[in-house]
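*Asks:*
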Amino acid sequence: RKKTYFLPMNCLNIFFQPRQTFIQSKLEDLALSINRNGLMHPLLVARFTKKEMEEHIKLRNSSERQVVKLELEALHKFEDHYYVLIAGERRYRAVSMIIKNIQGIYHGSSLYTFYNKKIECSLYYSPSFLKFISMQLDENDQGEKPPSHEEAEYIDSYYGAMKVAAKDEKIRFTLSGFARKIGKSPQVVRTALRFSELPVLIKQFVKAKTISYGVACEITRLNTGVKIKDSELLWWANLAVAKKANVKDFK
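Just so we're aligned, residue 2 is where the sequence shown starts under the working numbering, counting upward by one.
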């Protein structure tokens, strides 16, 4: 269940999101839109008790990709509960810009102000770890999608966490079951997992748009059946850069 509630912005905890890249000019445009029209869509936020939050961060920390381990003591708490952003980081950042630069804005026939540094949120009470991930991916699919490589690393990170959790609880865990629950096809998940295994330099090529995510995924297919050295994968990636190759060229 959910309801709309105004929360202090500094009480929100923002963890690893499907989107990692935020373009400053687009954030400024969004801030101007919110400044002009108000916040049209509230943030989606999960509310957890202390025990639920401990379990949530335990699962996050179980992922091999979680480089910085989360600690409960370092999280923000408000009225004895923990609030974690599910979706809406772009809106959060845009409103933060308004608070920093504008005293208040006029909205309709009333003063719509951020003087109190609060933001409207739709609350979801105690979602399971898998439900939380599913909602994040679903919300990003409905809005402006994050870059494919960022979504892939997000899927890979929490696939590992859920696999560990299932093993601990002696629950049968399959890739197809995981894919179904997060609303993705098994092929999308397999591709994301393969992409995340690529050498860091190739992933940096994708991030810099030197090669496309699709080309990088084609390079991962070279590892099918026989394990290829990273140096050979990098050779293919450099060739793709030099030839300005597209997915069709690799196929």
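The beta-carbon is built from N, C-alpha and C at its ideal position, and this holds for glycine as well. Since the model is a prediction, treat every value here as computed from it, not as a measurement.
(1) Tell me the residue span of the alpha helix (DSSP H) that contains residue 123.
(2) Give the straight-line distance between the Cα atoms of residue 146 and residue 22, rounded to the nearest whole angstrom.
(3) Are residue 44 and residue 100 touching if we call contact CB-CB under 8 Å?
(4) Count the other CB atoms, across all protein chains shown, that sit within 10 Å of the CB of residue 107; report buried if there are 16 or more and exposed otherwise.
(5) Go through its chain and collect everything with a Cβ distance to residue 234's Cβ below 7 Å, but skip five positions before and after it.
(6) Which whole-angstrom value describes the C-beta separation of residue 88 and residue 140, a residue pair presumed to lie in contact below a C-beta threshold of 8 Å?
(7) Assign residue 23 to one of three DSSP states: helix, strand, or coil.
(8) Tell me the DSSP bridge mates of residue 14?
(9) Identify, in the order they occur along the chain, each residue of the same chain with its Cβ nearer than 8 Å to the Cβ of residue 5, setting aside the five sequence neighbours on each side.
(10) Specify whether the stretch 178-195 and the stretch 76-83 touch according to this definition: at least 3 beta carbon pairs, one from each stretch, less than 8 Å apart.
(11) Going by C-alpha to C-alpha distance, which of 64, 86, 50 and 30 sits closest to residue 8?
(12) Hey, how far is the Cα of residue 95 from the Cα of residue 230?
(13) According to DSSP, is residue 7 part of a helix, a strand, or is it coil?
(14) So which of 133, 151 and 126 has the shortest CA-CA distance to residue 163?
(15) Skipping 5 residues on each side, what residues in its chain have a beta carbon closer than 8 Å to that of residue 127?
(16) Which term fits residue 168, buried or exposed, when burial requires 16 or more other beta carbons within 10 angstroms of its beta carbon?
(17) From which residue to which residue does the alpha helix (DSSP H) around residue 240 run?
*Replies:* In terms of the structure at hand:
(1) Looking at the DSSP string, residue 123 is not in any alpha helix (DSSP H); the run it does join, the beta strand (DSSP E), is 119-126.
(2) Straight through space, the alpha carbons of residue 22 and residue 146 are spaced by roughly 11 Å.
(3) Against a cut-off of 8 Å, the Cβ pair of residue 100 and residue 44 comes out as no contact.
(4) Residue confidence for residue 107 is low, a pLDDT of 42 falling below 50, so the modelled location carries little weight; the figure read from the coordinates is stated next. An exposed status is given to residue 107, since fewer than 16 other beta-carbon atoms sit within 10 Å of its beta-carbon.
(5) For residue 234, where only same-chain residues beyond five positions count, the Cβ hits under 7 Å are 199, 200, 203, 220 and 223.
(6) 4 Å between Cβ atoms; contact.
(7) In the three-state reduction of the DSSP assignment, residue 23 falls in the coil class.
(8) DSSP, once it has assigned bridges, lists 85 as partnering residue 14.
(9) Correct list, in chain order: 43, 121, 122, 123 and 124.
(10) With the cut-off at 8 Å, the stretch 178-195 and the stretch 76-83 do not touch.
(11) Measuring from the Cα of residue 8, the nearest candidate turns out to be 86.
(12) Linking residue 95 to residue 230 through their CA atoms gives a straight-line distance of about 44 Å.
(13) Reduced to three states, the DSSP call for residue 7 is strand.
(14) The residue with the shortest Cα to Cα distance from residue 163 is 133.
(15) Only residues of its own chain outside the window of five on either side were considered, and among them 47, 48, 49, 50 and 53 have a CB closer than 8 Å to the CB of residue 127, listed in chain order.
(16) Under this definition residue 168 is an exposed residue.
(17) Bounds of the alpha helix (DSSP H) holding residue 240 are 231-244.
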